[in-house]
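Below is one structure; the comments refer to it alone.
2 protein chains.
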Amino acid sequence: MPIDVIIREVGPRDGLQLVKKFMNTDTKLDWITQQVRTGFKEIEVTSFVPPKLMPQFSDAEEVIHASNNLSRFTASALAVNLKGGVRALQAGTSVVNFVLSASESHSQSNARISTEAAIQVCYELIDWQKQNAPNSKIAVAIATSFGCPLQGTVDEYQVSKIAAQLAEAGPAEITLADTVGYANPSQVKRIFKAVAAEVQDVPLVAHFHDTRGLGLANVVAALDSGVQKFDASLAGLGGCPFAPGASGNIATEDTVNMCETMGLRTGIDLYALMQLRKRFSLWLPDEALEGRMIKAGISSTFTQTRSRVHSI
Amino acid sequence: MPIDVIIREVGPRDGLQLVKKFMNTDTKLDWITQQVRTGFKEIEVTSFVPPKLMPQFSDAEEVIHASNNLSRFTASALAVNLKGGVRALQAGTSVVNFVLSASESHSQSNARISTEAAIQVCYELIDWQKQNAPNSKIAVAIATSFGCPLQGTVDEYQVSKIAAQLAEAGPAEITLADTVGYANPSQVKRIFKAVAAEVQDVPLVAHFHDTRGLGLANVVAALDSGVQKFDASLAGLGGCPFAPGASGNIATEDTVNMCETMGLRTGIDLYALMQLRKRFSLWLPDEALEGRMIKAGISSTFTQTRSRVHSI
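These protein sequence lines map, in sequence, to chains U and A.
Residue numbering for the first sequence is 1 to 312, as defined by our numbering.
Residue numbering for the second sequence is 1001 to 1312, as defined by our numbering.
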């Protein structure tokens, strides 16, 4: 039996985060709908941050409502504080990904709060969800788990300790995020193994950027450590405000291609996804899009790993 | 003690192979000299193919002679038939990389000879070397070891069988080459492990292209299988005549960065290499150059793994 891996699309959130021009709501929903049709089980569709700070996500409620009307997938959304998390739950978000940062400097700069205080906020949000939105789930992402653009190195023991504290609150899953592309395969294996030992049965997710071309190599290292869920962004959309010239997330289409050629079952129809990838370029004519598959095409030897979940 | 890995630069051969405009000999030698100064122990500097077929390498003898005058590195060269191999040895090449193809179709199309006959030529070349150039070495590369642009899939057992036959002749090393970027990490582990079991103590080398972005992921998989020597091309130079739009070899600078951040010791000064990489763009203004490092720069957290071999 082939191993199942889940690729979570984060383009409509992490990808659009740095796109200055507002993508209109209909286009966002068109994108999400088409991508669900290719077989995606989860898409992070928006971010509940103050609209004044990020006008790109001023339609968060509308995007969540419309996404919830699509069947066969989970629409998740990001939040960085209690207010955003509650707003996401009140809008009916099934899975809220609460993000805090392992780096003290990044936490202060990004959320104006210490890491320790952010962990307490996560506890409060989970409490709020249990009482007021029992059908929703809270997941947590630890940003800068592999390095920080502000302070540089992040203590590996610190990452494990934070994960252990978070695990006690019972989140749906914990994502270790390489926010700006510092991770290397040896470090990925080391940290994921250490964290897995701390969090018991909480599933782990890997979020890699491809800043220095190590994104897919890090996916392989995480797979070797037992991780089976990965964030990726269509066309590798999304840069980093702290690293000019740096590229964004690992490209979804490249990640699906790698997993499928390795015999891992993503449930995603790569041919359909490449059709969407071509249309995607037309929606964002001003953005520098990444990914190798768009240039090289699907290999003549490619065979889709047989999936239980077919594209719909 | 950190593990040593050897990165062999193949840009002046595999990279230039598809560059139509002749790079003048002085520029080639300037490139080679500067790259040796950054710490490279081996560079494949040219190809002994008929000058009429590939005018880019019409200066093969001159490049070998001048390279042999540089100290602290091995200048190797490629050959695809007996005539080329003998010509390379007569020119004083220290290591001749004889290439044959695991794919019958590719072998016929590329060298107009069956794979079996090419293995016999390799035997003859090694005999000739032993008798006439005892200070030189013959290494072998098996092209299309992971897939073929003409016939598609290549039988994995066939690759092991060819490697076993070649090992009997006692080559300096055997390279498994992913000629046009078909390899995936699972396959890389499987094939390298199978071949290692067949060739006893003949060292194995990995040669990957980055066609669909899997190049560095394949390096990690090969490292996991015990491989410690890798081909790479500065700026990822070199495309593929069979796959328009496909990119070339894995980029040397990205590979060095990955290995060093993983704590593997390449002996290469990444800062000096990046300086060369910047000058390199000026030598080839008409070529599409690849590699992430040129865009993202060296990470603020980067520390060079301490090397026995320092840049000179």
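Heads up, the beta-carbon is just placed ideally off N, CA and C, and yes, glycines get one too.
Coarse secondary structure for residue i, derived from DSSP in three states
i: A/Ile-1032; result: helix
i: U/Ser-186; result: helix
i: A/Thr-1305; result: coil
i: A/Thr-1261; result: helix
i: A/Phe-1230; result: strand
i: A/Thr-1074; result: strand
i: U/Leu-204; result: strand
i: U/Gly-215; result: helix
i: A/Gly-1039; result: coil
i: U/Gly-267; result: coil
i: U/Ser-311; result: In this prediction, U/Ser-311 has a pLDDT of 42, which is less than 50 and means its spatial position is unreliable; what the coordinates show is noted afterwards. Three-state result, U/Ser-311: coil.
i: U/Ala-251; result: strand
i: U/Ala-197; result: helix
i: A/Ala-1088; result: helix
Residue range of the unbroken alpha helix (DSSP H) whose run includes residue i
i: U/Ser-107; result: 104-111
i: A/Lys-1137; result: Looking at the DSSP string, A/Lys-1137 is not in any alpha helix (DSSP H); the run it does join, the beta strand (DSSP E), is 1137-1143.
i: U/Ala-177; result: Careful: U/Ala-177 lies outside any alpha helix (DSSP H), inside the beta strand (DSSP E) at 174-177.
i: A/His-1065; result: 1060-1068
i: A/Leu-1237; result: Premise fails: A/Leu-1237 is in no alpha helix (DSSP H) and is neither H nor E.
i: A/Glu-1287; result: Note, A/Glu-1287: premise wrong, no alpha helix (DSSP H); not H, not E.
i: U/Cys-148; result: Unbroken run through U/Cys-148: none, as it is neither H nor E.
i: U/Asn-132; result: 115-132
i: U/Leu-166; result: 156-168
Chain C within 7 Å of residue i, Cβ atoms only
i: U/Asp-254; result: The chain labelled as chain C is not found among the protein chains of the depicted structure, namely U and A.
Closer than 6 Å: residue i CB and nearest the ligand ZN heavy atom
i: U/Thr-252; result: Summarising the ligand content, the structure contains no ligands, and the ligand ZN is consequently not present.
Cβ neighbour criterion (16 or more within 10 Å) applied to residue i
i: A/Arg-1323; result: Because chain A is modelled from 1001 through 1312, residue 1323 of chain A falls outside the range shown and cannot be assessed.
i: U/Ser-281; result: exposed
i: U/Glu-116; result: exposed
i: U/Tyr-271; result: exposed
i: U/Gly-263; result: exposed
i: A/Leu-1053; result: exposed
i: U/Glu-170; result: Reading off the sequence shown, one finds Gly at residue 170 of chain U, where the question assumed Glu. Label assigned to U/Gly-170: exposed.
i: U/Pro-55; result: exposed
i: U/Thr-261; result: buried
i: A/Gln-1129; result: buried
i: U/Val-227; result: buried
i: U/Glu-124; result: exposed
i: A/Pro-1185; result: buried
i: A/Glu-1168; result: exposed
Reference residue i; option with closest CA among the options
i: U/Asp-210; options: U/Pro-134, U/Lys-161, U/Val-96 and U/Gly-291; result: U/Gly-291
i: U/Glu-156; options: U/Asp-269, U/Glu-287, U/Cys-259 and U/Arg-190; result: U/Arg-190
i: U/Val-95; options: U/Pro-55, U/Lys-137, U/Ala-60 and U/Glu-61; result: U/Lys-137
i: A/Pro-1149; options: A/Ser-1058, A/Ser-1109 and A/Ser-1299; result: A/Ser-1109
i: U/Ala-60; options: U/Leu-70, U/Thr-74, U/Ala-79 and U/Glu-42; result: U/Ala-79
i: U/Phe-302; options: A/Ser-1101, A/Thr-1038, A/Glu-1104 and A/Thr-1153; result: A/Thr-1153
i: A/Val-987; options: A/Phe-1048, A/Phe-1057, A/Ile-1268 and A/Ala-1164; result: Only positions 1001 to 1312 of chain A appear in the structure, and residue 987 of chain A is not among them; the question remains open.
i: U/Ala-102; options: U/Trp-128, U/Phe-146 and U/Gly-84; result: U/Phe-146
i: U/Val-140; options: U/Ile-113, U/Ser-105, U/Asn-97 and U/Tyr-182; result: U/Asn-97
i: A/His-1106; options: A/Cys-1259, A/Ala-1143 and A/Lys-1020; result: A/Ala-1143
i: A/Leu-1276; options: A/Thr-1038, A/Leu-1214 and A/Leu-1289; result: A/Thr-1038
i: U/Arg-13; options: U/Ala-222, U/Val-49 and U/Ala-288; result: U/Val-49
i: A/Thr-944; options: A/Lys-1020, A/Val-1086 and A/Val-1010; result: Because chain A is modelled from 1001 through 1312, residue 944 of chain A falls outside the range shown and cannot be assessed.
i: U/Asp-201; options: U/Ile-174, U/Lys-295 and U/Gly-181; result: U/Ile-174
i: A/Asp-1231; options: A/Asn-1218, A/Leu-1237 and A/Phe-1208; result: A/Phe-1208
i: U/Asn-81; options: U/Ala-118, U/Pro-51 and U/Phe-57; result: U/Ala-118
Terminal residues of the beta strand (DSSP E) in which residue i lies
i: A/Ile-1007; result: 1006-1009
i: U/Thr-46; result: 42-47
i: A/Ser-1101; result: 1095-1101
**Request:** Would you list, in chain order, the members of the segment 257-280 of chain U that have their beta-carbon closer than 7 Å to a beta-carbon of chain A?
**Result:** Asn-257, Met-258, Thr-261, Met-262 and Gly-263
**Prompt:** Quick one, which residues of the segment 181-202 of chain U are near chain A if we go by CB-CB under 8 Å, in chain order?
**Reply:** Gly-181, Tyr-182, Asn-184, Pro-185, Ser-186 and Gln-187
**Residues of the segment 1201-1222 of chain A whose Cβ lies closer than 9 Å to any Cβ of chain U, in chain order** = Asp-1210, Thr-1211, Arg-1212, Gly-1213, Leu-1214, Gly-1215, Leu-1216, Ala-1217, Asn-1218, Val-1219, Val-1220 and Ala-1221
**Message:** At a CB distance below 8 Å, what residues from the segment 1294-1306 of chain A approach chain U? Give them in sequence order.
**Reply:** Lys-1295, Ala-1296, Gly-1297, Ser-1299, Ser-1300 and Thr-1301
**Asked** Given a limit of 7 Å on CB to CB distance, which residues of the segment 1150-1171 of chain A reach chain U?
**Response** Gly-1152 and Thr-1153
**Request:** Could you run through the segment 83-112 of chain U and flag, in chain order, every residue whose CB is less than 7 Å away from some CB of chain A?
**Result:** none
**Message:** Under 9 Å, CB to CB, which of the residues in the segment 123-149 of chain U have a partner in chain A?
**Reply:** Per Cβ criterion, the list reads Gly-147, Cys-148 and Pro-149.
**Interfacial residues, the segment 1229-1240 of chain A to chain U, with Cβ spacing under 8 Å** = none
**Request:** Output, in sequence order along the chain, the residues in the segment 1063-1079 of chain A whose CB is closer than 9 Å to any CB in chain U.
**Result:** none
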